Each structure stands twice: as C-alpha cells, then as structure tokens.
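> Sequence lines, in order, name chains A and B.
The first sequence begins at 1 in my numbering and counts up by one.
The second sequence begins at 1001 in my numbering and counts up by one.
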Amino acid sequence: MKKKFIILFLLLILPIKVFALIEVDITRGNLNPLPLAVSPLSIDNKSKKSFEKILKKENIGSEISTIVENNLRTSGLFNPLNKDAFLQAPEIANLKPRFEDWNLIKAQALITGKVTYVDEKLRVEFRLWDVLAAKEMMALAFTTVPNNWRRVGHIISDKVYERLTGEKGYFDTRIIYVAEEGPKTQRKKRLAIMDQDGANNKFLTLGNELVLTPRFNPTSQMVTYLSYFKNLPRVYLLDIETGTQEVVGDFPGMTFAPRFSPNGKKIIMSFAKDGKSDIYTMDLENRIVERITNHPSIDTSPSYSPNGKFIAFNSDRSGYQQIYIMKSDGKNVKRISFGNGIYGTPVWSPRGDLIAFTKLHKGKFYIGVMRTDGTGERLLTENYYQEAPSWSPNGRVLIFYRETKTNSKGEGFSAKLWSIDLTGYNERLVKTVTDASDPSWSSLLSN
Amino acid sequence: MILSKIFKNTLLVLASCLVLTACATKKVDTVGGQMQSDVYTGTDTVEYLADGVPDRVFFATNETVLTTASRETLRAQATWLRKNSNINVVLEGHADERGTREYNLALGERRANSAKDYLMTYGISSDRISVLSYGKERPVDAGSNPLAWSKNRRSVTVKAN
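Okay, structure coming up:
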C-alpha cells in the first residue's frame, strides 16, 4: 500500500532561472485570476494503447491535463483557457511553443508535456512557459506506476502553483471526513477518505457505530477520531494503511475532540467527567497521559501552534464559549476572543500567524480568522450553520462543513463540505458522494 | 422642579418599555404553550419509564440548570428506581444543533451529570447510573426552530438492563 504512494523522481531537469514576468497576486484572491493554457499532454500511439489497456482511459495525456486544469481553476488564482481556442497541437507545443499563438488567446503562461509508457511505468515530462517573455520557466519529469496517474496531475499542479505564486501547493493531498446518510434524527456516519479533488473516495468504517471528528497526523498516514464503539465514546487511533486501530488512553469516561501535535507524537483531546471537560495529552511513544487544564468549565477543541509551544482551545469559563491560548504545559492561560458572540473550534494555521474559528452571533454561524493575540478578526463566510474549519497544508484555504436549515416539517436537511480562500473569496462546494461533515486536510503526500 | 418632571417622564417611558419587552418576550416564549423561557414544557416527545414517571428533562439554551418541573420528574424517577433496585440506568445527555459539535458533546455530558447529581441526592447510588453524551448527534425533532431545539436539549433516562 505504502509503495503505491511513492512517486519516483527518476529524472529531474532543474528549473532554468529566468526573470519571470508572470506574478500571481495571492493577497487579493480571485479578483484577477491569471489566464493560462494547459495544453493536453501529448502521447504517442503505442503508449496511448498501452495505457488504454491498463487504465481504461482513452487518452491519459488529456486526463492528466484535465486534473491540472481543474486544480488550478479551483484555487481561484488561475483561469485555464478553453482548449477549443488552442492553435498549436500538443505534440508540437511541447517541443517549442509558438508564443505568438498563445499570446493571441491571452494566455500568460502555458503548460505543455508528454506522456510515455516505459518499462511498464508511466513517464511524464512537463514544461511551464512564460508566454510574454517567451521563455521556459520550469521543466520536470516523473516516472511512476500507471495507477498513480491522478497523483501525477496533482504534483504537476503543485509545482506550477509553487512556481507562479511562490507558495507551496496543496493539490497532492487528501481529505478525511465523516460521510453521512439517513434521516437527521438517526444519521448513519462513516469515516471516509478522498483525494482533495473528490476522486478515489473510500469508506473506512461500516457505519455500525457513530464516528466523529477524524483528524490527520501531519507527519504520517495515521488518523485520530471519536468512535461510539460499544456505546463508549472514546478517542481512537487508526492507521489508514493497515486498518489497525486502538483506543487512546484508558479514561473512565468520554474522551473527544482529538488532534495531533505538529510532530505527530502526541494526541491532545478532552476528557469529560462529572460535568466538566478538561484537556489532556497522550504521548504515543511512551503512552504517558498528562493533564493540561484543570477547571470546572468545559475546555475543549484544543489545537497546537505549528511549533508545538502553544495550545489554542475553547472554554466557557467566562460564562460562554470563548477562545483561549496557553503554553503547551497549560500555563499562562489567556483569553483572546473578545468580539460579540460566542467563539469555538480554534485551529492554528500551519503558517503560525492566524487562528481560524467558528463564531455564533445573533443566530448566524461564521467561519473567521484572527491573529494569535485575538486582533484582526476577519469573518470569511456567514450561514445558518457551519463550523469546524481545517487548513490546507499551505495555510491558504479552509475547508469546513455546512448544514442546511430544515423546513417546518423538519425536511430538507443536508450536510456538505465547503472550502474558502483565506481572503474570503472563492467559496466552493466540495463535492462528495454522500453528505459530509468534519473534514480534515492532510499534509502534502509528496515533498 | 422641571428636572424632576423630566426624570419622572423618563421613568414612565422606561417603565412602558419594560412592559412592552416583557410582553414581547412572553409571546415568543410560549410557542403553542409548549415552552417557558426557552425550556420545553410539552409532552410530545416524552416517554414513560412507568406510570407517572416521565423519562426526560429539558434545559434552556446553553444551560444545565434543572427547572422545577425537571426536579419533579427526577424525584419521580428516584422513587421508581428505589422501588426497582435491580434496574440500572443510562442518562443520555443531548444538545440542540446551534452549537459546535465538540462543545455540544461536553454540554450533553454536563446535562446528564446534572440529572445524575439530582438522582444521587435522592438516594440513588452512582453505581446504578452511567452517563452518555450524544451532543447534537441524536435530535428527536429534525426542525430548525426554537421549539424543535427546546425538545432536543434534554437528558433522557434509559433502562440499562
């Protein structure tokens, strides 16, 4: 299973340094997405036939370029142009683009490439061109098992995104979430995992027991989540490659709201007993459990800062849910949310400078961000019900879930995943095969 | 003299404001006569552990305090449990949908414990009571309105054996 995810970088043509004229302004979101052309990857007839046999895809070259196109469009920063307008054939464009032709359709950047079938492997080379400067910006090649073709598309997207924005991409990633079915009063919930673009969906549990709040380990293919197995709500640890799982710690009551520490070595969670909930950690190597907060209030939804030195959490110790931060040993507890309304689910950005949160004010739910000292609050989206933001690994996009209001008969309930850019632009429905909630974004699979 | 007149008038205005708000609040609070200051007082969803022993108590938004009616229900449960000493119970705590999932899990636990504490003060051993929170996961009413939410903010006493 593990081997499947390893992409072999057999040949690496280093990017040639040029003075790129293209610059994507990533501070404003999608106001002016950069027009670019993704030419279908060219493919020779023999390779085409081989892949058609193995992958049941008529033209794997255009399939991969479609993945790249969709990823770049979804980011809101790029505007991939319609292929019908392309004047140059893929195989010729890949050798030497006729820049006047691409300039004519207003493409500022061009992606070309070639797929071949070599020794039962899939070999892809691609190039990124600056159309205005008439220069190559980047050239790379990968070789991998044919089944990894979608990941090749995601890796190309990440490389292009990084080259044009200066930030790491987030396309070669997966989302773990809770798949939901059935009536609102008796929802059946299963853990599910999919690629960031919704492909390769897979259910990880059968739905016999209620499962909630899965979260990725940032450093491995482990997941922590809450399961009501045998009607005992407890935090579990699941290895998604082997399917093995275990209860985390030995607590005489409900444990919930789990998350990994940034180095993946600890789980932080809440333990509820006698009407109070406190925050605990368990070291996954030596199994030592530590109590972090000790207060008669409800302390929950803990999230580490990326350097592991601080913890953000929400507590109702002031009377209502508010966001607090403290040192990782539980000292120096400080309230940071002071706006109108109640605040929950703080999640520290992977960049470290922001905390995403859910806010409830005057009957509306908001997803927002604030600085780690509580200043600079920005509300990104307002709705009837939405919560539980999770950051893309580059700290650029938030994914969360939204539930609809039912009508007077209690009909019309649905739960869906949505994503939004940090700037508040580019809000998008993330398509899932069933209803969905509690999304958690993985780290980049290849690095 | 004039000052005191102004003062009086202001008081009058203030007083009428108070009366008006009181009326407004009352109207909202008695949806179909099934709610009192945010707490469900109807019987639509209530089941019975035995004759005259309702199985559930209701809470105000974000609250875990037991109302007079809730305490009465729990006293009836305690009497019934004393008579049936072979029966153990699970107190299932719930929250409405207007909160974050994780906080609601804790809130449901706190509500069930609030009921548990009361049963214990009426002589029921803690060995016979376990607590299970469902947060907002198992509403009885699928509606998105104050009445539905009030039915869902509850602690339900369920026979464990």
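Heads up, the beta-carbon is just placed ideally off N, CA and C, and yes, glycines get one too.
Remember, predicted model here, so these are calculated numbers, not experimental data.
Using only CA atoms, which one of Arg-1138(B), Ser-1130(B), Tyr-1134(B) lies nearest to Lys-1159(B)?
It is Ser-1130(B) whose Cα lies nearest to the Cα of Lys-1159(B).
> Note the first and the last residue of the continuous alpha helix (DSSP H) segment covering Met-269(A).
Per DSSP, Met-269(A) belongs to no alpha helix (DSSP H); it is in the beta strand (DSSP E), 266 to 273.
> If you measure from the beta carbon of Asn-1113(B) to each beta carbon in chain A, is any gap under 8 angstroms?
Yes, because at least one Cβ of chain A sits closer than 8 angstroms to the Cβ of Asn-1113(B).
> Measuring only between beta-carbons, confirm whether Arg-1154(B) sits less than 8 angstroms from chain A.
No, because no Cβ of chain A sits closer than 8 angstroms to the Cβ of Arg-1154(B).
> Using only alpha-carbon positions, find the residue among Ser-42(A), Asp-195(A), Lys-327(A), Thr-205(A) that is nearest to Tyr-117(A).
Minimum Cα distance to Tyr-117(A) is reached at Ser-42(A).
> Counting only Cβ pairs nearer than 8 angstroms, list the residues of chain B close to Lys-405(A).
Within 8 angstroms Cβ-Cβ: Ser-1144.
> Quick check on Phe-256(A) - is its C-beta less than 8 angstroms from some C-beta in chain B?
So, interface residue.
> What's the C-alpha gap between Ile-1002(B) and Leu-379(A)?
Because the pLDDT at Ile-1002(B) is just 45, under 50, the model does not fix this residue reliably, and the value given afterwards should be weighed accordingly. Roughly 49 angstroms between the two C-alpha positions.
> Could you work out which residues of chain A lie near Ala-1106(B), taking near to mean beta carbons separated by less than 7 angstroms?
Per Cβ cutoff of 7 angstroms: Ser-270, Ala-272, Ser-277, Ile-298, Thr-300.
> Within 8 angstroms of any Cβ in chain B, is that where the Cβ of Tyr-385(A) sits?
It does: the Cβ of Tyr-385(A) has a partner Cβ on chain B nearer than 8 angstroms.
> Just to confirm the assignment: which complete beta strand (DSSP E) runs, minimum length 3, are found wholly within the stretch 30 to 116 of chain A?
Counting only runs of 3 or more, we get 34 to 38, 78 to 80.
> For Arg-291(A), which residues does DSSP report across the bridge?
Answer is Tyr-280(A).
> Which residue wins for smallest C-alpha separation from Tyr-1118(B), given the options Asp-1044(B), Thr-1043(B), Ser-1155(B), Met-1035(B)?
When each option's Cα is compared against that of Tyr-1118(B), the closest is Ser-1155(B).
> Drop a sphere of 10 angstroms on the beta-carbon of Ile-92(A), count the other beta-carbons inside from all chains shown, and report buried for 16 or more, exposed for fewer.
Exposed is the call here.
> Are the stretch 1140 to 1148 of chain B and the stretch 306 to 326 of chain A touching, with three or more C-beta to C-beta distances below 8 angstroms?
No, the stretch 1140 to 1148 of chain B is not in contact with the stretch 306 to 326 of chain A.
> Who are the neighbours of Leu-360(A) on chain B, taking C-beta pairs under 9 angstroms?
Within 9 angstroms Cβ-Cβ: Arg-1098, Gly-1099, Thr-1100.
> Please state the DSSP three-state secondary structure of Glu-209(A).
In this structure, Glu-209(A) counts as coil in the three-state DSSP scheme.
> In three-state terms, what does DSSP make of Lys-159(A)?
Note: Lys-159(A) maps to helix in three-state DSSP.
> Do Arg-163(A) and Ile-193(A) have their C-beta atoms within less than 8 angstroms of each other?
No, Cβ-Cβ distance for Arg-163(A) and Ile-193(A) is not below 8 angstroms.
> Quick check on Glu-1092(B): buried or exposed, where buried means 16 or more other Cβ atoms within 10 Å of its Cβ?
Label assigned to Glu-1092(B): buried.
> Gln-88(A) and Pro-35(A) look like a contact to me (Cβ under 8 angstroms); what is the Cβ gap, rounded to whole Å?
Incorrect: roughly 16 angstroms between the Cβ atoms, too far for contact.
> Leaving out five residues on either side along the sequence, give the residues of the same chain with a beta carbon under 8 angstroms from the beta carbon of Val-1046(B).
Cβ neighbours of Val-1046(B) beyond the five flanking positions: Pro-1054, Asp-1055, Arg-1056.
> Checking the sheet assignment: what are the DSSP bridge partners for Met-194(A)?
The partner list for Met-194(A) (beta bridge, DSSP) reads Ile-175(A).
> DSSP on Thr-1157(B), reduced to helix/strand/coil?
In this structure, Thr-1157(B) counts as strand in the three-state DSSP scheme.
> Is Thr-1157(B) close to chain A, meaning its C-beta is less than 8 angstroms from at least one C-beta of that chain?
Judged by the 8 angstroms Cβ criterion, Thr-1157(B) is not in contact with chain A.
> Alpha carbons only, please: which of Asp-274(A), Ile-240(A), Leu-206(A), Phe-229(A) is nearest the one belonging to Val-247(A)?
Selected option, being the one with the closest Cα: Phe-229(A).
> Can you tell me which residues form a DSSP beta bridge with Thr-144(A)?
The partner list for Thr-144(A) (beta bridge, DSSP) reads Leu-122(A).
> Since Lys-188(A) and Val-211(A) are thought to touch, with beta carbons under 8 angstroms apart, how far apart are those beta carbons, to the nearest angstrom?
Their Cβ separation, rounded to whole angstroms, is 10 angstroms, which puts Lys-188(A) and Val-211(A) out of contact at 8 angstroms.
> What is the DSSP secondary structure of Leu-232(A), counted as helix, strand or coil?
If DSSP states are grouped into helix, strand and coil, Leu-232(A) belongs with coil.
> DSSP state of Ser-1150(B), grouped into three classes?
DSSP places Ser-1150(B) in helix when its eight states are reduced to three.
> Using 8 angstroms for Cβ pairs, my map puts Ile-67(A) next to Gly-182(A). What's the rounded Cβ distance?
Contact flag wrong, Cβ pair sits at about 33 angstroms.
> In chain order, what residues of the same chain have a beta carbon less than 7 angstroms from the beta carbon of Lys-48(A), not counting five sequence neighbours either side?
Cβ neighbours of Lys-48(A) beyond the five flanking positions: Asn-59.
> Is there contact between the stretch 328 to 341 of chain A and the stretch 391 to 403 of chain A, where contact requires at least three CB pairs shorter than 8 angstroms?
No contact exists between the stretch 328 to 341 of chain A and the stretch 391 to 403 of chain A.
> Note down the Cα distance separating Gly-395(A) from Phe-251(A), rounded to an integer number of angstroms.
Roughly 34 angstroms between the two C-alpha positions.
> Under 8 angstroms, do Leu-140(A) and Lys-159(A) count as touching if we go by C-beta distance?
In this structure, Lys-159(A) lies closer than 8 angstroms to Leu-140(A) by Cβ.
> Just to confirm, are Ser-270(A) and Ser-297(A) a CB contact at a threshold of 8 angstroms?
Going by C-beta atoms, Ser-270(A) is not nearer than 8 angstroms to Ser-297(A).
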